[in-house]
Amino acid sequence: MASLSRQQVLKEKQTRDANTITSLSLTHRALSDISCLGEFQNLERLDLTFNNLTSLQGLSSCVKLKWLSVVQNKLESLKGIESLSNLFVLNAGKNKIKSIDEVRSLVSLRALILNDNEIVSICKLDQMKELNTLVLSRNPIREIGDSLVKVKSMTKLSLSNCQIQTIDSSLKSCIELKELRLARNNIKTLPAELANNKKLQNLDLGNNVITRWSDVKVLSSLVDLKNLNLLGNPIAENAKITKKVMKYLPNLHIFNASPVDNSAKNKSSGRADDSSLIPTNELGYHSEKKKDHARDVNSSKHAMDQRSGHLDNVSDDGEKDSRHKRKKTRGEVSKIGEASTDEKDDAVIEKKLKRKKSHEKLLRNDDVTIHNDDRAEVEKKLKSKRSRKELSELDIIDSGQVSFADLFSVDTMENPKHNTESKTADKNGINAPSGLLTVSAKKKKTKNQGLVSTVPLSPAVEVGMGGPSTWTDD
């Protein structure tokens, strides 16, 4: 058995003035006597976890205390703390406390943690207007009664591993309640008054004796519920329970310790698949356009083949006519040469030759003109084909059945330069189609890789002061 002395505390704090000490941590000291702490009247924070204390009478004069932990001691009573009206947080878990009547006068209390004790009943906590966290798990408590009727500021309540059989209307005034833990009790049904707790987000009812949905139908009123646990109840073995839960609780994220499947949620809510909402005539629209486009391409190709054959025939006929005319002209010239030998006749022959050559040139020009006209017609057809091809691509983009990947693959195939730029952008961590910045999975190792963060973290907000409950001992 160890006693704490004033000199020991001053030595540890390296001071001679007890009034300068506002915080003390005296854990794991096997202390049984702390009466000397009454001299440290400016104490605001005191940690006496893991000692052998049986009484808190020595703290009665520490009226400025705001935070007190006496976890894992041998306390059977809380006598000695009645005068600590400035206390915000009291943690006296894992002792042998049988009554909590002494806490009634702690009007400033925000968090009261008394798990793992021997508390049988809960006294009225009417004076605690600011109490937001109450942990009474693993105590032989049978009922809540009217102890919380006027505690409207309560946001977190844990009564798991107790002997509670019914809730009745004990929580109807706790309109700010967000977390409620009632696991491992003997609860058979939830009262209709629970509908008043519309802000509930986390509800643990695991390992009770709930058998039917009608016993918990009030859950459908808790539309803000995000985490619900019914495991260990007979109702959890019913395959239909999941569908009902998904139907009535649209904002649920976790059910029975597993993430909620969105697809299952849609089915349970009666939502149809998006494709089933599209009219049949619209679904067949693009297939009909594809058929029309195929017919247009085939007819265009057939017309091009016919036109090409016509051009070949025109070219061959024109060439044959030219050769025939040139041969006929040479024959006529030879005949003229033989028939006449004088200069006059030569002049006539030369004149006729010039006329013939001029006629042949005219014929060739006519052939070229005809050929050019036909080529222009062909080019017009080709241009029409290209326009139809572009139109078909627009039809693809307009189709709701084509994925984004297919659309951008068409674009990159026709624009290899753009495709190269896209690859470069991907290397830099930019997704070209969406324009989103992505982080590459492979990164260079840095010297500070082992550090969690180089940004200083703000101090954690404590239980009762608006921070998370951290109910590891609920």
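Each residue of the sequence shown is one higher than the last, beginning at 111 in this note's numbering. Glycine included, every Cβ here is placed at the ideal spot set by N, Cα and C. Keep in mind it's a predicted model, so treat the numbers as computed, not measured.
Check the Cα spacing between residue 168 and each of 199, 182, 114: the tightest is with 114. In chain order, 153 place their CB closer than 6 Å to the CB of residue 172, counting only its own chain and leaving out the 5 sequence neighbours on each side. The straight-line gap separating the alpha-carbon atoms of residue 364 and residue 225 is approximately 26 Å. By the Cβ-count criterion, residue 121 is exposed, with fewer than 16 other Cβ atoms from all chains shown falling within 10 Å of its own Cβ. The alpha-carbon of residue 217 is positioned some 45 Å away from that of residue 353. For the pair residue 303 and residue 135, the Cα-to-Cα distance works out to about 44 Å. Under the three-state reduction of DSSP, residue 285 is assigned to coil, being neither helix nor strand.
Here residue 252 is not near residue 270, since their CB atoms are 7 Å or more apart. In the three-state reduction of the DSSP assignment, residue 337 falls in the strand class, which pools E and B. In the three-state DSSP reduction, residue 360 falls in the coil class, being neither helix nor strand.
Within the same chain, 157, 158, 159, 160, 161 come within 8 Å of residue 137 by CB-CB distance, once the 5 residues on both sides are set aside. Contact between the stretch 231-238 and the stretch 183-190 is absent: fewer than 3 CB-CB pairs across the two stretches fall below 8 Å. Judged by beta-carbon spacing, residue 366 lies within the 7 Å limit of residue 341, meaning their Cβ atoms are closer than that value.
Per DSSP, the unbroken alpha helix (DSSP H) holding residue 120 starts and ends at 116-123. Here the C-alpha atom of residue 186 lies approximately 15 Å from the C-alpha atom of residue 246. Straight across, the Cα-Cα distance linking residue 268 with residue 288 is about 11 Å. Annotation for residue 220: no beta strand (DSSP E) segment contains it, and DSSP assigns it neither H nor E. In the structure shown, residue 155 falls within a strand segment according to DSSP collapsed to helix, strand and coil.
For residue 330, same chain residues with a beta-carbon under 7 Å away, outside a window of 5 residues either side, are 358 in chain order. Counting the other Cβ atoms within 10 Å of the Cβ of residue 314 gives 16 or more, which makes it buried. Taking the C-beta atoms as reference points, residue 182 is found nearer than 7 Å to residue 204. Its Cα nearest to that of residue 155, the residue 177 stands out among 141, 255, 177. The DSSP-derived three-state label of residue 133 is strand. Judged by DSSP secondary structure, residue 243 falls within the beta strand (DSSP E) whose first and last residues are 243-245.
Distance check between residue 259 and each of 279, 248, 272 places 279 closest, using alpha-carbon atoms only. For residue 177, the enclosing beta strand (DSSP E) has its first and last residue at 177-179.
Note that the C-beta distance between residue 319 and residue 350 is not below 7 Å.
Here residue 322 has 345 as same chain residues with Cβ atoms under 8 Å from its own Cβ, once five neighbours each way along the sequence are excluded. Going by C-alpha positions, residue 200 is about 12 Å away from residue 242. A distance below 7 Å separates the beta carbons of residue 301 and residue 277. Beta bridge pairing from DSSP links residue 365 with 338, 368. No Cβ-Cβ contact shorter than 7 Å links residue 312 with residue 343.
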